[in-house]
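Peer 1: In UniProt numbering, the protein residues as written are 1 to 318. Ideal Cβ placement from N, Cα and C applies to all residues, glycine included.
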Amino acid sequence: MDPIPQASPDERDRLDLLDVALFVRAALLANVSAAGREFGLSPAVASARIASLERLLGARLLHRTTRRVSLTQEGEVFMTRAETLLDAAAAARASVGRGQAEPQGRLRVSMPSSFGRQHVSPVIAQFLRRYPGVSVDLRLTDKIVDLVDAGVDVGIRLGALKDSTLIARRLAANRRVICCAPSYLKEHGTPHHPSDLAQHECVILSDQRDWSFVTPAGPLTVRVGGRLATDNGEVIRDALLAGFGIALKSTWDVAPYLRSGELVTVLDAYPLGETVAIWAVYPSRAFVPPKTVAFIDFLAAHFGDPPYWDIERDREAS
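Here it is in structure tokens:
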């Protein structure tokens, strides 16, 4: 591979945002010509502008073949910086205008897999149609992702937040219930007090064996036990539907089954002690890119507060 010609001293201070934006689109589309068309540039001009950017940086950013392009190692490093630079430029434009900068760029989002599949995936197409300048990289994982290290713009978190440097916005309530299948109660009886859970088969999420309640006598924490523990909420839900055990579940996951009667709640007279919520978190910055604000606003409006899954359940119960 031929070395990249070095920029002259005069050129080194001339980073052109159009070239940066063109590079980002070429990387996302894996095609320089297609990216050029979006900017009204011929294939030859688009290639020349990216070559100029590489010369300015002194590094080859793209591997080129006759059909497609891909990022080099240096290109992958520059890509994240380039997107941040374009976000900063958009925020700067908004700050001196009317604050109406159009959301654009790639938005990297991380969230728990089951929640994402049930409540975000069905409306992603709607978000993308509303904001044609935005592309979404949706990562569904049950691991807590370090947003900064992973280059993620927005994370969706469920439950209590740990102290961090992230900015958090509450999206909706995360209502939780103790529930099981009617067949389980028929076979094992109904617990009437939180302390009765010690005699029941509880299905446990990871290491969450301590369930806290509010009782007339004050707060009460019960250490539960059972033969099935997992880090996946869908496994717990499937076990409950099969008539195995009692579990603490969020209504966003089990509301349809509570409405159908496949699952029922128990210990309703004893509220759970910890108030939790669904949060959007993002890195602390001097500015928040319009694409991030648009996505968070979109989810908050879609969920509602109280969220739609609780409204539907409460309406049928009334």
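#1: Starting from ALA172, follow its DSSP beta bridges and name the residues at the other end.
#2: Using the Cβ count rule (16 or more neighbours within 10 Å means buried), how would you classify ASP16?
#3: Can you tell me where the alpha helix (DSSP H) holding residue 330 begins and where it ends?
#4: Along the chain, which unbroken stretches of the beta strand (DSSP E) at least 3 residues long are found entirely within the stretch 240-272?
#5: May I have the straight-line CA-CA distance separating ARG98 from LEU220, to the nearest angstrom?
#6: For GLU74, which of LEU86, ARG68 and GLY58 has the nearest alpha-carbon?
#7: Buried or exposed: THR80, going by 16 or more other Cβ atoms within 10 Å of its Cβ?
#8: I need the boundaries of the beta strand (DSSP E) containing PRO219, first residue and last residue.
#9: State yes or no: is the C-beta of CYS202 within less than 9 Å of the C-beta of VAL254?
#10: Kindly indicate which residue of ASP137, VAL45, VAL32 and LYS143 has the alpha-carbon position closest to the one of THR65.
#11: Which residues mark the beginning and the end of the alpha helix (DSSP H) in which THR292 is found?
#12: Using a Cβ-Cβ cut-off of 8 Å (strictly less than) and excluding sequence neighbours within five positions of ARG68, which residues of its own chain qualify?
#13: Using a Cβ-Cβ cutoff of less than 7 Å, which residues in the same chain neighbour GLU38 once the five nearest sequence positions on both sides are dropped?
#14: Indicate the three-state DSSP secondary structure (helix, strand or coil) for SER135 in the structure shown.
#15: So the beta strand (DSSP E) ALA30 belongs to, where does it begin and stop?
#16: Run through DSSP, which three-state label would SER195 get?
#17: For the structure I just gave you, are there three or more beta carbon pairs, one from the stretch 263-281 and one from the stretch 144-163, closer than 8 Å?
#18: My output table needs one value for SER318: the three-state DSSP class, helix, strand or coil.
#19: By DSSP's criteria, TRP211 is part of a beta bridge. Which residues make up the other side?
#20: Assign ALA91 to one of three DSSP states: helix, strand, or coil.
#21: Report the rounded CA-to-CA distance for GLU262 versus PRO194, giving the unit in angstroms.
#22: Can you list, in chain order, the residues of its chain whose CB lies under 6 Å from that of ARG209, leaving out five sequence neighbours each side?
#23: Near ARG170, what residues of its chain come up, given a Cβ to Cβ distance below 7 Å and the 5 sequence neighbours on each side ignored?
Peer 2: Reading it off the structure:
#1: Taking the sequence shown and counting its residues from 1, one reaches residue 172 at position 172. DSSP lists ILE278 as partners of ALA172.
#2: Residue mapping note: residue 16 aligns to position 16 of the sequence shown, counting from 1. Classification of ASP16: exposed, given that the 10 Å Cβ count is below 16.
#3: The displayed coordinates of the chain run from 1 to 318. Any statement about residue 330 would go beyond what the structure contains.
#4: If we require 3 residues or more, the beta strand (DSSP E) runs fully inside the stretch 240-272 come out as 247-250 and 264-266.
#5: In the sequence shown, residue 98 corresponds to position 98, counting from 1. In the sequence shown, residue 220 corresponds to position 220, counting from 1. Confidence is the limiting factor: at ARG98 the pLDDT is only 49, short of 50, which leaves the residue's position unreliable and the question unanswerable from this model.
#6: Here the question's residue 74 lines up with position 74 in the sequence shown. For GLU74, the nearest C-alpha among the options comes from GLY58.
#7: Within the sequence shown, residue 80 is the residue found at index 80, counting from 1. Around the C-beta of THR80, fewer than 16 other C-beta atoms lie within 10 Å, and the residue is accordingly described as exposed.
#8: Counting from 1 along the sequence shown, the entry for residue 219 is found at position 219. Annotation: the continuous beta strand (DSSP E) that includes PRO219 extends over 218-223.
#9: For the purposes of this step, residue 202 is identified with residue 202 of the sequence shown, where counting begins at 1. For the purposes of this step, residue 254 is identified with residue 254 of the sequence shown, where counting begins at 1. Going by C-beta atoms, CYS202 is not nearer than 9 Å to VAL254.
#10: Taking the first residue of the sequence shown as position 1, residue 65 is located at position 65. Among ASP137, VAL45, VAL32 and LYS143, the Cα nearest to that of THR65 is on VAL32.
#11: Counting from 1 along the sequence shown, the entry for residue 292 is found at position 292. Following the DSSP letters along the chain, one finds THR292 inside the alpha helix (DSSP H) bounded by residues 290-303.
#12: As a first step, residue 68 is located in the sequence shown; it is residue number 68 there, counting from the start. Leaving aside the five residues that flank ARG68 on each side, the residues in its chain whose CB is nearer than 8 Å to its CB run, in chain order, ALA30 and ASN31.
#13: Residue mapping note: residue 38 aligns to position 38 of the sequence shown, counting from 1. Annotation for GLU38: ARG25 place their beta carbon closer than 7 Å to its own, counting only its chain and skipping 5 residues before and after.
#14: Numbered from 1 along the sequence shown, position 135 holds the residue referred to as residue 135. Correct three-state label for SER135: strand.
#15: The residue given as residue 30 occupies position 30 in the sequence shown. Counting along the chain, no beta strand (DSSP E) covers ALA30, and no H or E run does either.
#16: Here residue 195 is taken as the residue at index 195 of the sequence shown, counted from 1. If DSSP states are grouped into helix, strand and coil, SER195 belongs with the helices.
#17: Counting Cβ pairs under 8 Å, three or more are found: they touch.
#18: For this step, residue 318 is matched to residue 318 along the sequence shown. Unreliable placement is indicated for SER318, whose pLDDT of 49 sits below 50; no coordinate value is reported for it.
#19: If you number the sequence shown from 1, residue 211 lands on position 211. VAL222.
#20: Position 91 of the sequence shown, counted from the start, is the residue given in the question as residue 91. Three-state DSSP puts ALA91 in a helix.
#21: Along the sequence shown, one-based indexing puts residue 262 at 262. Along the sequence shown, one-based indexing puts residue 194 at 194. The alpha-carbon atoms of GLU262 and PRO194 are separated by roughly 22 Å.
#22: As a first step, residue 209 must be located in the sequence shown, where it is residue number 209. Same-chain partners within the cutoff: ARG223 and VAL224.
#23: Within the sequence shown, numbered from 1, the residue matching residue 170 stands at position 170. ALA277 and TRP279, listed in sequence order.
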